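Report on the structure given below.
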Amino acid sequence: PSHSSLKDEL
Amino acid sequence: MNIFRLAGDMTHLMSVLVLLLKIHTIKSCAGISLKTQELYALVFAARYLDIFTHYYSLYNTVMKLIFLGSSFSILWYMKRHKVVRRSYDKDQDTFRHHFLVLPCLVLALLINEKFTFKEVMWTFSIYLEAVAILPQLVLLQRTRNVDNLTGQYVFLLGAYRGLYIINWIYRYFAEPTYSTHWITWISGLLQTLLYADFFYYYINSVKNNVRLQLPA
Chain A
1 PSHSSLKDEL
Chain B
1 MNIFRLAGDM THLMSVLVLL LKIHTIKSCA GISLKTQELY ALVFAARYLD
51 IFTHYYSLYN TVMKLIFLGS SFSILWYMKR HKVVRRSYDK DQDTFRHHFL
101 VLPCLVLALL INEKFTFKEV MWTFSIYLEA VAILPQLVLL QRTRNVDNLT
151 GQYVFLLGAY RGLYIINWIY RYFAEPTYST HWITWISGLL QTLLYADFFY
201 YYINSVKNNV RLQLPA
C-alpha cells in the first residue's frame, strides 16, 4: 500500500 | 525495525516474563490484577487475528505467539492453579473492567481507519490496551505496599509504551512512506500518560531505596 501501516508492530 | 521498536518489544517481553517468573517461582499472584490480565489477553486476541493470514517476519510471528501464550498462561495460573489462585485478592481487585470493554468497542466501530472486521478489532485492541492497566494501577493504590516484582512489572510495561512512542517519532522522520496514524498515536500517548504518576513514585522509591508507597 502507498502509506505504511503499523500492522507490522506488536 | 528500529532500535526503539526492538527495545520496546524486549521491554514488553521482559514485563510478561517478570510476571510469569513471579507467579511460577513464588506461586503467588498477590498484588496482581486479574482484570488487567484479562484485558491484556483480550487485547492480544483482538490484535493478532492476522497471525495466520499475514506473515510479516519470523520475529513478528514468534513475538505474537509469545505474547498470546504468556498472557493466557498467566490467566490460567491466576484462575486455575490450585496454589496461585488462592493468593489472588478478588476483594481488592474490584475495578469494573467490563465498563472499559464496551466503550472501546463502540469507539472502534465509530473511529477507525477502515470499517472491516479485522481493522475494527485491531482498533479495538489499540483502545483497550490504552486502558487495560487501570485495574492494576487501582489495585496498587489500594494495596499501597507494592512488592518489587509487581513494581518492576508495571514499570516495564510503561517503559515499553514510552519506547513505542519514540519509535513512532523515529519512523515519522526516518521513513518517507510513513504517514500519520492519529488513532495509534493518540491512544498510545494517553496510555503512556497513565503511567506518569506511577513512574514518579517508582523512580523516587528506587532512588531513595524505600518500598514503593503510592499515595492513597
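Listed in order, the protein sequences are those of chains A and B. In this text, residue positions in the first sequence follow our numbering: the first is 1, and each later residue adds one. In this text, residue positions in the second sequence follow our numbering: the first is 1, and each later residue adds one. Glycine residues also receive a C-beta, built at the ideal position from the N, C-alpha and C atoms. Bear in mind the structure is a predicted one, so any value in this text is a computation, not a measurement.
{"Check": "Which residue from B:VAL206, B:ARG86, B:LEU42, B:HIS12 puts its Cα closest to that of ASP131 of chain B?", "Outcome": "It is Val, not Asp, that sits at residue 131 of chain B in the sequence shown. VAL131 of chain B has its Cα closest to that of B:LEU42, out of B:VAL206, B:ARG86, B:LEU42, B:HIS12."}
{"Check": "Please classify ALA159 of chain B as buried or exposed, where buried requires at least 16 neighbouring CB atoms within 10 angstroms.", "Outcome": "buried"}
{"Check": "How many Å lie between LEU21 of chain B and LEU149 of chain B at the Cα?", "Outcome": "9 Å"}
{"Check": "Leaving out the 5 sequence neighbours to the left and right, which residues in its chain are closer than 6 Å to ARG171 of chain B when beta-carbon positions are compared?", "Outcome": "TYR178"}
{"Check": "Any beta-carbon of chain A closer than 8 Å to the one on LYS64 of chain B?", "Outcome": "yes"}
{"Check": "What is the rounded straight-line gap between the Cα of GLY188 of chain B and the Cα of VAL84 of chain B?", "Outcome": "32 Å"}
{"Check": "Can you give the Cα-Cα distance for LEU163 of chain B and VAL210 of chain B, rounded to whole angstroms?", "Outcome": "26 Å"}
{"Check": "Quick check: the region 100-118 of chain B against the region 72-89 of chain B, are at least 3 beta-carbon pairs closer than 8 Å?", "Outcome": "no"}
{"Check": "Would you say PHE67 of chain B lies against chain A (beta-carbon separation less than 8 Å)?", "Outcome": "yes"}
{"Check": "Run through chain A and tell me which residues come within less than 8 Å of ARG5 of chain B, C-beta to C-beta.", "Outcome": "GLU9"}
{"Check": "First and last residue of the alpha helix (DSSP H) that includes LEU214 of chain B?", "Outcome": "Unbroken run through LEU214 of chain B: none, as it is neither H nor E."}
{"Check": "Inspect the beta-carbon positions of ARG47 of chain B and TRP122 of chain B and report whether they are closer than 8 Å.", "Outcome": "yes"}
{"Check": "Measuring CA to CA, which of B:ILE165, B:HIS98, B:GLN152 is closest to GLU217 of chain B?", "Outcome": "The requested residue 217 of chain B is not part of the displayed model; chain B covers only 1 to 216."}
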